[in-house]
Amino acid sequence: ANLTEKQLNAVKWIFRYLKGTINMGLWYSKDTSMSLTAYVNADYAGCQDSRCSTSGSAQFLGDKLVSWSSKKQKCTDISSTKAK
Numbered sequence: 616a617n618l619t620e621k622q623l624n625a626v627k628w629i630f631r632y633l634k635g636t637i638n639m640g641l642w643y644s645k646d647t648s649m650s651l652t653a654y655v656n657a658d659y660a661g662c663q664d665s666r667c668s669t670s671g672s673a674q675f676l677g678d679k680l681v682s683w684s685s686k687k688q689k690c691t692d693i694s695s696t697k698a699k
């Protein structure tokens with residue numbers, strides 16, 4: 616498959632990023648628990664201006680945060696239970 620110029624530039628950017636962060640990382644001792652834990656939450660029309668809902672999540676591998684997100688939704692959820 617042929618890459619477009621935009622895709623090739625994205626791949627180059629990723630490799631430059633990886634090269635610049637080669638000495639950064641998460642270190643786990645051999646005794647570390649490798650359990651994956653995820654937390655998710657959402658509100659109901661929490662934005663006072665638009666009445667839109669916000670949802671978020673955090674994922675941990677052992678005791679280290681490996682991923683997170685927070686997003687203002689484009690609409691109001693019917694309920695916070697359904698948003699989760």
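Counting the sequence shown from 1 gives a position; the working numbering is that position plus 615. No residue lacks a Cβ here, since even glycine has one placed at the ideal position from N, Cα and C.
Point to revise | Candidates ALA625, PHE675, LEU676, VAL655: closest to LYS686 by CA position | key: VAL655
**Study point:** Option nearest TRP642 by Cα separation, candidates ASP678, SER684, GLN663, GLN688
**Key:** ASP678
Exercise for review: May I ask you to list the residues that DSSP assigns as paired with LEU623?
Suggested key: DSSP, once it has assigned bridges, lists no residue as partnering LEU623.
Point to revise | Cα-Cα separation between CYS690 and TRP683, rounded to whole angstroms | key: 21 Å
Review point. For LYS699, which three-state DSSP category applies?
Key: Summary for LYS699: the model assigns pLDDT 48, below 50, so the residue's position carries little reliability, and this model does not support an answer.
Point to revise | Alpha-carbon spacing of CYS667 relative to LEU651, whole angstroms | key: 30 Å
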